[in-house]
Amino acid sequence: MAEGSGSDVVSEFLTQNPHLAQWVDSLKDDSEPNKQWYARREFVLRNMEVFPTIQPGRQTPSLDRLISLSKVWSNHVFLGCRYPQPVMDKVKEMAEGITVNEAPVRKTRDEILGKGKRPSTSGIGSESLAKKSKTGHNDTDSKAGERNTTHPIAVTIKSGPSAGAPAEHQPFFNRLYKAVAWKLVPAGGFGPNLDHFEILRACVESCKASLTCVFVPLKDIPDLPAGCAQKEGQVCELRCHTVYMGTGYGRDECAARAMASKEALKIFQGRKVTVKVSRRRFRGQDVEDLVLLDDQPRSSILPPALSYPFQANQ
Amino acid sequence: MGVPAFFRWLSRKYPSIIVHCVEEKSKECNGVRIPVDTSKPNPNEVEFDNLYLDMNGIIHPCTHPEDKPAPKNEDEMMVAIFEYIDRLFNIIRPRRVLYMAIDGVAPRAKMNQQRSRRFRASKEGMELTEEKHRMREEVLQRGGYLPPEEIKERFDSNCITPGTEFMDNLAKCLRYYIADRLTNDPGWRTLSVFLSDASVPGEGEHKIMDFIRRQRAQPNHDPNTHHCLCGADADLIMLGLATHEPNFTIIREEFKPNKPKPCALCGQMGHEIKDCQGVAREKRGEHDEFADTVPVSEQEFIFIRLCVLREYLQRELTMASLPFPFNFERSVDDWVFMCFFVGNDFLPHLPSLEIREGAIDRLVSIYKDVVHRTGGYLTENGFVNLERVELIMQAVGVAEDNIFKKRKEDEENFKRRMKEKKKRLKTEQAPAFLPGGQFAPQALGGRDRPMAVQNARQTAFDMRMQGSRYQQNKNAAESLKAMLRNGSKDGAGCSDGVDRLGVKRKAEDSDSEPEPEDNVRLWEEGWKQRYYKTKFDVDETDDDFRKKVVKSYVEGLCWVLRYYYQGCASWKWYFPFHYAPFASDFKDIKDMFMEFEKGTKPFSPLEQLMGVFPAASGNFLPPTWRALMTDPDSSIIDFYPDDFAIDLNGKKYAWQGVALLPFVDERRLRASLEKVYPDLTSEEVRRNSLGSDVVFVSKSHPLCDFIQELYRSESHEGTQIPPELCHGTQGILYLDQEPILPDEPVESPVPMLRDIPSSRAVGIKFKDPQYEEGHVFKAVILPGAKIPSKVLKPGDWEKSSSGPWRPQLGFNPNRHQVHLDQSAFRALGHHVNSHQQGSGQHAHGPPHAGRHGGGQYSSAPPPSSYHQGNYRPPLRDHPPPFQHSRLQGFQRAPPTPQLQQYLRPQHGAQGWERAIQAQGSAYQQNLQRGRGGPGNYQQHPPPRRDDRGPHEGYSSARNYGLPPPARRYNWS
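From first to last, the protein sequence lines are chains A and B. Quick note on numbering: the first sequence equals residues 1 to 314 in the UniProt record's numbering. Quick note on numbering: the second sequence equals residues 1 to 972 in the UniProt record's numbering.
Dropping the structure here:
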């Protein structure tokens with residue numbers, strides 16, 4: 001799995017934040033097996049920023065809420081409990097990116113009594129954990145099935161993204177945001193000396209999606225700013241789920257892709273990322289495009305689009 | 001240990017501990033019920049001093065009975081509870097103390113079990129309603145008839161939990177009930193009645209134990225008090241033994257497996273809800289007069305005599321040549337302790353110890369082996385010697401491997417046998433004839449007792465005829481089928497159908513039911529690792545975790561034993577795992593347990609409700625509290641899953657499995673409740689507070705004046721009960737805010753029941769005698785206690801010197817047995833014969849054959865047949881087609897009128913009513929009790945006895961057939 005062993009990341013994170021280590025271990029239940037605790041600890045740490053009022057070392061209602069949700073998730077994954085759908089959806093989202101190896105397979109009471117309305121591998125289970133570390137593909141399948149339902153909506157709108165598209169894609173990019181943040185922990189944070197494309201790709205794949213790279217030779221781009229002297233080289237545009245993430249230029253495709261990735265990762269350095277509809281140039285005309293932005297208000301003009309996934313002839 | 005397995009095992013191994021109850025029924029005269037005078041001597045030939053009722057064992061069957069229609073509303077439930085108590089009271093007739101204990105808030109250790117029960121009950125209840133609804137639709141669509149749906153709310157049995165309105169209401173009703181009986185019932189006059197309702201923390205039976213323990217530790221206690229404890233839980237036996245009171249009896253309902261239950265949809269017997277056809281109800285009795293009677297015998301009670309169990313145990317546990325002096329009382333305590341390994345309410349049982357596999361016998365034999373090495377007993381006064389326990393555990397651990405292998409082997413053998421049996425049954429042809437009529441197999445313990453076989457030839461003839469008819473039918477069907485098959489041989493569709501049928505049958509054959517997969521495979525090498533991996537999700541290398549489980553279990557054993565012998569040591573402690581460790585893991589346990597946290601407090605009732613209820617039962621809680629169970633933003637949402645996993649753990653049914661529910665985090669629960677506490681109404685605040693025991697006495701009780709004086713003086717301090725006023729019962733009295741006072745009216749909380757215009761009862765708050773902290777209640781026989789005489793046949797009984805051994809049945813060792821001499825039998829024989837002839841007038845046999853159309857007798861039975869007076873159902877169950885309808889009607893007639901008829905010639909008009917009544921009731925008693933009645937002759941006042949003798953004999957003799965004249969006839 002691209003994410004690797006979750007506990008490595010967590011221990012790495014904790015060595016970087018030693019003040020959290022002791023506190024977080026105080027949240028462990030006495031009778032909790034280590035394996036379950038490590039998973040739940042990751043859940044708590046990953047979601048801490050969602051509860052800004054949590055102060056390590058103090059019992060606050062928001063901490064109790066986080067603990068409760070972490071227990072909901074761990075009870076579901078390890079004990080086989082099911083909760084009301086809103087609760088399930090919530091923890092499902094929060095647990096995105098946590099890998100649990102060899103979670104026990106349990107049958108709920110309803111399933112034993114033959115009221116099998118539910119699939120035997122239950123909701124979050126198939127999302128966030130791989131039953132065995134190598135069979136993670138099963139999960140992607142089920143995920144893909146889900147995606148198919150959302151994808152066509154974006155494609156069938158021929159002349160541009162639908163009005164609901166940003167909201168539709170936002171949850172995915174929230175997850176991706178978290179994945180990137182965690183991925184950068186062991187790498188020591190964002191910096192110039194990283195393999196930016198590798199990181200971005202791993203994060204996107206850990207979110208069960210893939211990157212789309214479009215390469216266009218620089219000279220073929222019509223809307224180049226007038227001041228541009230370069231005529232050689234490649235330009236790369238990165239998209240994920242049709243949402244534009246970044247453009248980069250380089251001598252060859254590889255360099256262009258790396259630069260685009262770096263640009264894309266920069267967006268993830270803010271406090272959050274947002275999917276928005278924005279106007280930009282494409283093949284000489286103004287179009288509406290879906291773009292990923294960070295929370296800083298910048299007036300920079302977007303580079304012209306190299307591809308346009310919302311067109312009828314796409 | 002709610003499981004019936006323990007009790008079943010015990011009563012099979014030690015059969016003499018059980019004595020059947022003699023119950024005097026109230027009589028009815030001219031439609032007026034005459035209550036039984038319970039101040040009269042006990043018909044069981046024993047006098048009990050104290051009766052303790054574990055009320056939850058009464059509330060549950062009265063509010064949602066399994067064998068009869070449920071009461072319609074709460075009022076009916078209350079009345080049912082009152083009647084149940086009355087019935088028990090009539091059997092036991094306590095003379096000094098009646099103690100009613102309703103479960104209050106339980107220790108945390110019990111919460112896991114309570115949660116699991118309530119989460120299951122809630123789901124089961126909902127499923128039943130759903131199924132009912134579905135089946136109702138289906139049946140109605142098919143044109144079936146169903147009684148109209150009552151507009152009644154589904155009774156959620158979860159409301160039987162402290163803190164609910166229902167429990168609060170119940171406490172009020174019981175106060176009224178006590179006041180009423182103290183006022184009106186002469187049997188209650190000398191009694192002090194204690195009521196410990198749900199607002200007093202502690203489980204019912206343990207509140208009772210606490211009372212007994214604290215009473216017997218004070219100097220005024222009568223060491224020969226005869227206690228009787230009512231309740232069905234097997235652990236009451238342990239509790240009773242733990243008191244070391246020599247006279248201790250438990251009374252419980254007789255457990256009858258496979259009792260028929262009425263269909264929940266149409267209320268008729270004989271089918272389950274899923275087979276309901278919606279057929280119109282069959283008439284019961286000629287004029288449907290038995291419409292509301294349940295065709296099963298009324299639930300009967302049995303006594304369990306712990307003094308007899310002690311005798312058995314003494315034989316089993318006594319060890320010679322010990323390195324220390326043998327003390328039977330201490331070995332009883334050890335036995336009780338070892339029973340905990342096999343299962344209790346607070347700990348899961350050890351995987352290798354299954355009561356069905358003789359686990360207790362195994363433990364006892366290991367105990368006797370090991371005790372030579374341990375150098376002493378395992379326990380003392382409820383404190384465990386862990387070093388010695390470790391030796392026992394290690395000895396069990398050695399055998400563990402083999403136990404698991406043997407278990408698997410037995411299972412396989414059983415499966416194979418069942419399979420073979422099935423096969424055999426399938427290949428075997430139907431029997432040539434089915435035993436019917438008087439030879440029909442009969443359920444044990446039903447209303448019908450075996451009767452002398454009458455006219456076997458006739459019955460045999462009937463059976464033969466039926467058998468041959470059946471065979472003919474079958475043959476005809478076969479040939480018809482064959483014809484059909486041949487006729488449509490060319491039709492492809494049909495042969496297809498046949499094929500499909502064949503395939504289907506094959507699939508059924510191969511394996512009847514899919515076995516739940518067992519990943520642990522305890523019988524295979526590496527079972528321990530697999531067990532820990534599957535059940536606890538830890539690796540085999542995780543020794544720390546395994547130690548933690550063992551440590552918790554050791555703490556648990558200490559806690560449970562302490563709970564039984566000293567009271568609740570910690571309200572907070574609980575076993576935080578779903579499974580037990582292996583016996584072989586108990587290594588170095590000596591230092592694993594030191595002491596429990598002191599000064600822990602129980603939950604308050606509403607807090608406990610939050611801890612044990614599923615969200616679906618949230619309606620018993622205030623709205624904002626309820627919201628915490630469902631709101632995704634609640635900080636305790638993880639306590640309330642919708643659905644939960646059940647680990648069958650080698651068992652077959654979901655209800656036997658382990659419910660994998662998350663444990664409650666007490667800190668988080670309290671923290672989140674803090675915010676909603678202000679939302680409680682004053683009423684809810686009252687329900688949420690801790691209450692107190694209350695004692696009631698009637699005006700004629702010596703304590704009454706004392707209490708009235710207290711109320712008059714309005715002293716707000718606790719006052720000691722003067723022990724001489726109350727049979728040596730001690731305690732502290734506090735004034736009640738809303739007391740029941742003599743000569744004042746008591747309002748009835750149940751609309752069906754009348755108010756008491758002027759009560760003769762007084763009530764006051766009561767507190768058990770207090771002892772200083774760290775007081776240890778001694779588990780010994782008190783000085784001055786007389787051990788009851790032996791019941792079991794002595795091992796060295798010699799027939800030659802003392803005659804044949806006569807086993808003791810019942811409580812009285814010197815019971816006067818009634819015999820009939822030869823002349824009595826002659827008289828009896830004469831009587832019965834004349835009855836049979838006399839009833840010949842109803843016969844349709846040869847003497848009256850002329851009455852019926854001859855054509856109906858084409859296959860005439862042999863002569864001299866008479867079914868008369870034989871109103872047993874078997875005959876009616878397969879009436880031959882020619883049988884006259886009037887006869888059927890007669891056979892269904894109630895027994896009493898019949899008796900009247902038989903008796904008429906013997907009696908003049910004088911005393912007729914009375915004789916009928918006596919006869920009727922004696923007869924019915926025989927019917928209901930299902931065995932010969934030792935109490936029959938005692939229950940009637942002596943003066944009447946003379947003129948009743950022969951009839952009595954007559955009615956019993958009818959039941960038993962004619963005894964050979966030379967034999968001694970034992971009435972018991």
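Glycine is no exception: its CB is placed at the ideal position from the N, C-alpha and C atoms. It should be emphasised that the depicted structure is a prediction, and the values quoted were computed from it without experimental measurement.
(request) Identify every residue that forms a DSSP beta bridge with S278/A. (result) S278/A is bridged by DSSP to D289/A.
(request) Compare the C-beta of P662/B against all C-beta atoms of chain A and say whether one is closer than 9 Å. (result) Yes, its Cβ sits closer than 9 Å to a Cβ of chain A.
(request) Report the residue from V791/B, I18/B, P94/B whose alpha carbon sits nearest the alpha carbon of R315/B. (result) Among V791/B, I18/B, P94/B, the Cα nearest to that of R315/B belongs to V791/B.
(message) Which residue marks the beginning of the alpha helix (DSSP H) containing F197/A, and which one marks its end?
(response) 196 to 206
(message) Going by DSSP in three states, Q234/A sits in which element: helix, strand or coil?
(response) strand
(message) Checking the sheet assignment: what are the DSSP bridge partners for A645/B?
(response) Paired residue(s): T108/A, L660/B.
(request) Indicate, with yes or no, if the ligand MG has a heavy atom lying under 8 Å from the CB of D633/B. (result) Within the structure as shown, the ligand MG is missing, as the structure has no ligands at all.
(request) Quick one: grab the DSSP three-state call for G240/B. (result) helix
(message) Quick test of the definition: if touching needs 3 or more C-beta pairs under 8 Å, does the region 10 to 30 of chain B touch the region 173 to 181 of chain B?
(response) no
(message) On the CB-based measure, 16 or more other CB atoms within 10 Å of its CB, does I301/A come out buried or exposed?
(response) exposed
(request) Measure from the alpha carbon of Y532/B to the alpha carbon of each residue in K422/B, E724/B, P581/B, then state which is nearest. (result) P581/B
(message) On the criterion of 16 or more Cβ atoms from any shown chain inside 10 Å, does L660/B qualify as buried, or is it exposed?
(response) With 16 or more other CB atoms across the displayed protein chains lying within 10 angstroms of its CB, L660/B is buried.
(request) Figure out for me which residue from V676/B, H727/B, L648/B, R686/B has the closest Cα to the Cα of R106/A. (result) L648/B
(message) Output needed in chain order: residues of the region 630 to 649 of chain B with a Cβ under 8 Å from some Cβ in chain A.
(response) T630, P632, D633, S634, S635, I636, I637, D638, Y640, P641, D642, D643, F644, A645, I646, D647, L648
(request) Would you kindly report the start and end of the unbroken alpha helix (DSSP H) that includes D165/B? (result) The question names Asp, yet the displayed sequence has Glu at residue 165/B. Looking at the DSSP string, the run of the alpha helix (DSSP H) that includes E165/B is 165 to 184.
(request) Compute the distance between the beta-carbons of P576/B and D29/A, then report whether it is under 9 Å. (result) yes
(request) Count the C-beta pairs between the region 174 to 194 of chain B and the region 32 to 41 of chain B that are closer than 8 Å, then say yes if the count reaches three, no if not. (result) yes
(request) Could you tell me whether the region 170 to 179 of chain A touches the region 202 to 210 of chain A, using the rule of 3 or more Cβ pairs below 8 Å? (result) yes
(request) Would you identify the three-state DSSP class for P751/B, choosing helix, strand or coil? (result) coil
(request) Note down, in chain order, every chain B residue with its Cβ under 7 Å from the Cβ of P61/A. (result) S635
(request) Report the rounded CA-to-CA distance for Q919/B versus Q817/B, giving the unit in angstroms. (result) With a pLDDT of only 45 at Q919/B, under the threshold of 50, the placement of this residue in the model should not be trusted; the figure read from the coordinates follows. Each residue's alpha carbon lies about 21 Å from the other.
(request) Pull out every residue of the region 536 to 551 of chain B whose Cβ sits closer than 9 Å to any Cβ of chain A, in chain order. (result) Those residues of the region 536 to 551 of chain B that come within reach of chain A (Cβ to Cβ, closer than 9 Å) are F536, D537, V538, D539, D542, D544, F545, K548, V549.
(message) Rounded to whole angstroms, what is the Cα-Cα separation between C228/B and K132/B?
(response) Put simply, the backbone Cα of C228/B is about 41 Å away from that of K132/B.
(request) Just confirm the distance between the C-beta atoms of P162/B and G104/B, as a whole number of angstroms; I'd bet it's less than 8 Å. (result) 5 Å
(request) Return the residue from the list I360/B, S365/B, D156/B, K778/B that minimises the CA-CA distance to Y565/B. (result) K778/B
(message) If I follow the unbroken beta strand (DSSP E) through G248/A, where does it start and stop?
(response) 243 to 250
(request) Mark D252/A as exposed unless 16 or more other C-beta atoms lie within 10 angstroms of its C-beta, in which case mark it buried. (result) The Cβ neighbour count for D252/A, taken over all protein chains shown within 10 Å, is under 16; the residue is labelled exposed.
(message) Helix, strand or coil, according to DSSP, for G763/B in the structure here?
(response) strand
(message) Counting only Cβ pairs nearer than 9 Å, list the residues of chain A close to T534/B.
(response) P104
(request) Specify, as a first and last residue, the run of the alpha helix (DSSP H) that T60/A falls within. (result) That residue, T60/A, is in no alpha helix (DSSP H); it is neither H nor E in DSSP.
(message) Using beta carbons (cut-off 9 Å, strictly below), is I112/A in contact with chain B?
(response) Chain B contact via Cβ: present.
(request) Give the straight-line distance between the Cα atoms of H819/B and F825/B, rounded to the nearest whole angstrom. (result) 10 Å
(request) Tell me whether D369/B sits in a helix, a strand or coil according to DSSP, three-state version. (result) helix
(request) List the whole-angstrom C-beta distance separating T247/A from A260/A, where the pair is believed to meet the contact cut-off of C-beta under 8 Å. (result) By a beta-carbon distance limit of 8 Å, T247/A contacts A260/A. Their separation comes to about 6 Å.
(request) Rounded to whole angstroms, what's the CA-CA distance from L20/A to V396/B? Just pull it up for me. (result) 46 Å
(message) For P107/B, would you say it is in contact with chain A, using Cβ-to-Cβ distances shorter than 9 Å as the test?
(response) no
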